[in-house]
Amino acid sequence: MRTIFYVDGFNFYYGIRNQKVIDSKWESAYWIDFVKLFSQFLGPDDKLTQVKYFTASPLSSGKNSRQSALFKANNIINGNNLKIIRGKYVDRDIECRNCGVHFTKPEEKRTDVNIATHLIGDCALDLVDKVVLVSADSDLIPPLEFIIQNFPNKKIKVYFPPSSFSYDLARANPSKKVVLL
0 MRTIFYVDGF NFYYGIRNQK VIDSKWESAY WIDFVKLFSQ FLGPDDKLTQ
50 VKYFTASPLS SGKNSRQSAL FKANNIINGN NLKIIRGKYV DRDIECRNCG
100 VHFTKPEEKR TDVNIATHLI GDCALDLVDK VVLVSADSDL IPPLEFIIQN
150 FPNKKIKVYF PPSSFSYDLA RANPSKKVVL L
């Protein structure tokens, strides 16, 4: 089965960061080979087509530089088996409810829509037999339901990043198998 992993980068990264508080060994996962990691979850009939990693570039130059280095290293190792799909940040104006102070906060945009578009698009173009969503974001239930309804021969699995879980997403998972990374 042609298998593509769709990784919600923010869910995955912050799942590792939160897990690090519990077990410091997770810090080494910051420099992970994405394709090698997810290849370990393939079944005997599965063939990894691609890992699609969805994220946005951090606004901090230091964080952006580290993220770019990670992605460059992964691209060198994995070539076309890894695809980075980027959203973006926009500044959101916020007013503190307690003191009335105004400030801006960066807000990530497009990641969920990018994931949904690729999930449905890959099924419609018949590029995948099994989709594996790595996320705990219940906003991704509608594209999974669309795939179930319109592409009944496609298999779906949902894997939750470390220290992340969604009861709604677990219930929507047609395989009824919950995998915690």
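Here the sequence shown is numbered in numbering that gives the first Met the number 0, starting from 0 and rising by one per residue.
Cβ atoms here follow ideal geometry from the backbone N, Cα and C, with glycine treated the same way.
Nothing here was measured: the structure is a model prediction, and the numbers come from that model.
Status (buried if at least 16 other CB within 10 Å, exposed otherwise) for residue i
i, result
"Asn149", "exposed"
"Asn113", "buried"
"Cys122", "buried"
"Thr54", "buried"
"Asp92", "exposed"
"Val157", "buried"
"Phe37", "buried"
"Ser165", "buried"
Spatial neighbours of residue i in its chain, beta-carbon cut-off 6 Å, leaving aside the 5 residues before and after
i, result
"Asp111", "Asp138"
"Lys153", "Cys122 and Ile146"
"Ile83", "Tyr52 and Phe70"
"Asp128", "Met0 and Arg1"
"Glu94", "His101"
Residue j beta carbon less than 8 Å from that of residue i
i, j, result
"Thr2", "Leu69", "no"
"Val130", "Tyr5", "yes"
"Gly86", "Arg109", "yes"
"Asn10", "Ala135", "yes"
Nearest neighbour of residue i, chosen from the options [CA to CA]
i, options, result
"Arg170", "Asp92, Pro141 and Ile83", "Pro141"
"Leu81", "Asn10, Ile31 and Cys122", "Ile31"
"Leu126", "Pro160, Val50, Ala72 and Arg96", "Val50"
"Ile15", "Ile146, Ser64 and Val133", "Val133"
"Pro151", "Ser67, Phe164 and Ile119", "Ile119"
"Pro188", "Ile76, Met0, Gly61 and Ser163", "A query on residue 188 cannot be resolved here, the shown segment of the chain reaching from 0 to 180 and no further."
"Asp45", "Ile155, Cys95, Arg96 and Ser163", "Ile155"
"Asp7", "Gly61, Cys95 and Phe159", "Phe159"
"Glu107", "Ser67, Ile76, Asn63 and Ser56", "Ser56"
Chain-order list of residues whose beta-carbon lies under 8 Å from that of residue i (same chain, five-residue window excluded)
i, result
"Leu58", "Tyr88 and Pro105"
Cutoff 7 Å; reference residue i; Cβ partners in own chain excluding five residues on either side
i, result
"Asp90", "Thr103 and Pro105"
"Asn73", "Asp32, Phe33 and Leu81"
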